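In the numbering used here, the protein residues as written are 7 to 279.
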């Protein structure tokens, strides 16, 4: 099971040399969260300039969003906010980074090379998507406050698990709290968010279990989030909050013991790797 994490600023976590369990030696890693049973993980992976590694089929699904720099996979460039969802058994080509990259990465279990490519449903494959070019959609819930749009990146055809980018306008806030029947996971790409657990700034991360009330939220700057669900498509019940929305709330996280030393807010400003 994964512990509830809401929220930690990823820049407070240390980079550690790693080999991604043998598949990409020479990277640095920040483990955002991990499941001790399935060995699924949510990571920040830093590829150094000049990095290269062989490709191949993995025994795990790999999902990723490039946060800075760029990767090259089989001659295709993955720049800022490029996204991919590679199902287990998909044989990727060699991976390289000329100038380095930081990539938000998710594995469905411990990544290991398969002895040979395996069958996978083509509907579960997203080889490459440029989030800049994905159109915004809106009106996805009648009670969702106006001023936000969603860029859909992936929806699993079997489980309905969903990944998307959410963009919101400045000076937007909600009055109701939310409850979802699925796990909800988030990484804040830009902007700030005022909520019931404090002020999240770029680099903020949470992994929230199903049925946990949260919010309401607001933003002065506007923001850009990456979200994903596990356990089905996102659906929302709006409920009365324990406390009304307020600007500049006190940091009040839910943090597991192993992350307690890294809990805390960060100063305003750009996210520095």
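Just so it is clear, CB atoms sit at the ideal spot from N, CA and C, and this is done for glycine as well.
All values derive from a computational prediction rather than experimental measurement.
Residues in its own chain within less than 7 Å of residue i by CB, not counting five upstream and five downstream?
i	result
residue 186	216, 240, 241 and 242
residue 129	163
residue 27	116, 117 and 118
residue 36	16, 19, 21, 49 and 50
residue 165	238
residue 261	11, 14 and 269
Assign residue i to one of two classes, buried (16 or more other C-beta atoms within 10 Å of its C-beta) or exposed (fewer than that).
i	result
residue 252	exposed
residue 177	exposed
residue 139	exposed
residue 69	buried
residue 162	buried
residue 157	buried
residue 99	exposed
residue 42	exposed
residue 206	buried
residue 84	buried
residue 257	exposed
residue 248	exposed
residue 267	exposed
residue 58	exposed
residue 214	buried
residue 273	exposed
residue 82	exposed
residue 250	exposed
residue 263	exposed
Return the residue from the list the options that minimises the CA-CA distance to residue i.
i	options	result
residue 254	131, 224 and 30	224
residue 301	275, 263, 143 and 25	A query on residue 301 cannot be resolved here, the shown segment of the chain reaching from 7 to 279 and no further.
residue 246	266, 236, 181 and 206	181
residue 32	200, 263 and 23	23
residue 193	277, 103 and 77	277
residue 104	190, 80, 56 and 19	56
residue 271	203, 279 and 248	203
residue 106	124, 151, 86 and 53	53
residue 61	169, 86, 122 and 38	122
residue 231	266, 210, 214 and 81	210
residue 222	189, 201 and 262	201
residue 125	96, 34, 7 and 214	96
residue 151	160, 174 and 265	174
residue 208	264, 14 and 137	14
residue 218	183, 39 and 153	183
residue 137	47, 265, 179 and 171	171
residue 160	67, 45, 34 and 229	67
residue 179	149, 127, 189 and 167	149
residue 189	236, 220, 29 and 212	236
residue 153	195, 229, 114 and 30	229
residue 86	167, 195 and 63	195
residue 1	47, 39 and 63	With the chain represented from 7 up to 279, any question about residue 1 goes unanswered, as that position is not in the structure.
residue 212	275, 259 and 114	259
residue 39	167, 275 and 265	265
Between residue i and the rest of its own chain, which residues show a CB-CB distance below 6 Å, the 5 nearest in sequence each way excluded?
i	result
residue 227	176, 197 and 198
residue 65	94, 118 and 120
residue 78	102
residue 5	Because the chain spans 7 through 279 in this model, residue 5 falls outside it and cannot be assessed.
residue 80	99
residue 167	235 and 236
residue 279	108
Looking only at its own chain, which residues have a Cβ that is under 8 Å from the Cβ of residue i, when we skip the five neighbours before and after it?
i	result
residue 146	156
residue 143	155, 156, 157 and 158
residue 141	157
residue 7	41, 42 and 43
Give the list of continuous beta strand (DSSP E) stretches no shorter than 3 residues that lie fully inside the stretch 42-105. 47-53, 57-59, 68-75, 77-79, 82-84, 88-92 and 101-103
For the stretch 133-211, list the beta strand (DSSP E) runs that are entirely contained and at least 3 residues long, ordered along the chain. 154-161, 168-174, 183-185, 189-197, 199-201 and 204-206
At a cut of 8 Å, does the stretch 123-138 reach the stretch 90-106 through at least three beta carbon pairs? The stretch 123-138 vs the stretch 90-106: in contact.
Touch test, the stretch 103-112 against the stretch 72-87, Cβ-Cβ under 8 Å, three pairs minimum: yes
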